[in-house]
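Numbering (my numbering), first residue to last: 3 to 558.
By construction, the Cβ of each residue, glycine as well, lies at the ideal position given by its N, Cα and C atoms.
Below you'll find the structure, written out as structure tokens, and then a few comments.
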């Protein structure tokens, strides 16, 4: 009878004990909240049921080990409630879009805005939060308070639980070591799918970097920045930098894509428009790419944890007027020290936005051109006499709600996916919605060029367009972007870059005939942006590298 009672007690544990709560939550999260991980493992060749069971045991043991250290009466319930809700959200996003959760994704979350967050909301997300998060969290919060226990005894129990969990994890790993080492070596993204340990690690890494990072103002770049002398009678430069969003090069018809996604740009003379077809991005998300592409070091040497000035600071120090216009979630700190504005914030005395261009605080990218002359007129007049660098930061093709990024009159590809849950739409509808956003970008660029042509009386104009990163559209079950760079598919790193130089302009006249056309299929990257922009407007500084200036080799 005593043995029966002991067995009964085993199956009816005291749920008021913090350790019991920790392990019950570890089982729930390890087995249920990781359903995208089990789905991914099941799809891999050579992975059998035995390995999946062992891996599930390892994940549960690792989760239990971490939670054992936090199993204190005043702490554990709040921690578990938070992790359960976080795990439920991660299960939805990983399972729906095939993304992984790493430190870069944490940075993206911190820097996002209400519009981007709203596009991710859905009833399926709510269901995941309720069933995988709120339901077990509510049950745990209703458990009675644990009886008082000596601190030393509770600490000993927590450490013993931690040690046993580690031993169990090691033994399970050894039992399937050959398959485990092969799988983790070939499928590196799996480590970022283990929920909620991926969140614990990633948030901790970002917090540690933030605390360890240098304080104070950013390091000065190009202290000796200056402008080269302009030829007598020459006009000041006006360079329009259009920073695209989520555009992938392979879907641009200028690069050979079968669909006419660049109908307006295709009408321009081929002697003035050049689409570079082999351009690689700095990162796979805006938060990683933007600071890197405006830095002089290049991706391999750029350190995001060391704040520094950027291209805009150097150009402004050289004496140029600089203006950043944003139609997205901000400039990630790049424009903090130069004039900047959002599309929805109109200059004083500006006409209202045309009907249909904006809805609430969200505008189509064409709003970047609205009252542009008045925005420029508000800049320093002396600087404008030396030249202007204007940056337009697009909303572009930002997903998953692609259908929101193109106006009703510019949707040539039908039917398009009208949901933010892309996996629920046929893939051809997802691609239709995405390609419509590229047609919208095409019209923005064409109208921007028309605006530049109207400025030719006072400026020597030109345009450089490049996207910050690409996008996955369901290839191998992966959607959106943000994969760790080493694991990212080419769809997320192969980006479009377009140069426009008007025929007869001073810059075009200074280049060797036919030279730019030879750049079309040569490898290029975001590393070239800083130096090409400096060379374009005639700015020089110690950080300028002519070998990274795309135009340097073409100058007479």
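For residue i, three-class secondary structure by DSSP
i	result
residue 474	strand
residue 424	helix
residue 113	helix
residue 148	coil
residue 361	strand
residue 195	helix
residue 542	strand
residue 344	strand
residue 44	helix
residue 1	Nothing about residue 1 can be read from this structure; the chain reaches only from 3 to 558.
residue 61	helix
residue 259	coil
residue 522	coil
residue 482	strand
residue 9	At residue 9 the pLDDT is 49, less than 50, meaning the model places this residue with poor confidence and gives no usable figure here.
residue 166	helix
residue 557	strand
residue 416	coil
residue 552	coil
Separation of residue j from residue i, as counted between CA atoms
i	j	result
residue 298	residue 549	12 Å
residue 522	residue 277	6 Å
residue 118	residue 390	31 Å
residue 215	residue 307	6 Å
residue 527	residue 103	26 Å
residue 541	residue 424	45 Å
residue 68	residue 53	23 Å
residue 126	residue 556	54 Å
residue 448	residue 519	20 Å
residue 539	residue 112	34 Å
residue 445	residue 85	45 Å
residue 338	residue 537	23 Å
residue 156	residue 75	10 Å
residue 353	residue 136	48 Å
residue 164	residue 65	10 Å
residue 177	residue 79	34 Å
residue 9	residue 17	Model confidence at residue 9 stands at a pLDDT of 49, short of 50, so the residue's coordinates are unreliable; what they give is reported in the following sentence. Each residue's Cα considered, the two are about 16 Å apart.
residue 196	residue 106	16 Å
residue 251	residue 334	24 Å
Other residues of its chain near residue i: CB distance less than 7 Å, five sequence neighbours each side excluded
i	result
residue 15	22
residue 514	556 and 558
residue 90	35, 130, 131, 134 and 135
Run of the beta strand (DSSP E) containing residue i, from where it starts to where it stops
i	result
residue 463	462-469
residue 239	239-246
residue 282	275-282
residue 102	No beta strand (DSSP E) contains residue 102, which DSSP labels as neither H nor E.
residue 327	323-328
residue 222	No beta strand (DSSP E) contains residue 222, which DSSP labels as neither H nor E.
residue 502	496-502
residue 392	390-395
Cut-off 6 Å between Cβ atoms - residues of its own chain near residue i, not counting five sequence neighbours on either side
i	result
residue 386	323
residue 544	226
residue 409	366
Range of the contiguous alpha helix (DSSP H) that encloses residue i
i	result
residue 529	529-539
residue 208	199-214
residue 315	313-320
residue 371	Run containing residue 371: none; DSSP gives neither H nor E here.
residue 272	First-last for residue 272: undefined, no H or E at that position.
residue 179	179-188
residue 130	125-130
residue 450	429-456
residue 74	Taken as a continuous stretch (DSSP letters only), residue 74 belongs to no alpha helix (DSSP H), as it is neither H nor E.
residue 291	288-295
residue 139	137-143
Any non-hydrogen atom of the ligand GTP closer than 8 Å to residue i Cβ
i	result
residue 468	As for the ligand GTP, it is missing from this structure, which has no ligand bound.
Contacting residues, own chain, Cβ-Cβ under 8 Å from residue i (five flanking each side not counted)
i	result
residue 356	372
residue 504	274, 454, 455, 458, 463, 464 and 510
residue 491	474, 477, 478, 480 and 485
residue 121	400, 401, 402, 403, 406 and 422
residue 221	308, 309, 310 and 311
Taking contact to mean 3 or more Cβ pairs, one atom from each stretch, closer than 8 Å, check whether the stretch 469-486 and the stretch 254-267 are in contact.
no
For the stretch 126-145 against the stretch 23-35, do three or more pairs of beta-carbon atoms, one drawn from each stretch, fall closer than 8 Å, so that the two count as touching?
yes
Counting pairs of Cβ atoms below 8 Å between the stretch 465-473 and the stretch 241-252, do you hit three or more?
yes
Does the structure place the stretch 89-108 close enough to the stretch 30-39 that three or more beta carbon pairs sit under 8 Å?
yes
Counting pairs of Cβ atoms below 8 Å between the stretch 491-508 and the stretch 420-438, do you hit three or more?
no
Under 8 Å: do the stretch 401-416 and the stretch 222-237 share three or more Cβ pairs, one atom per stretch?
no
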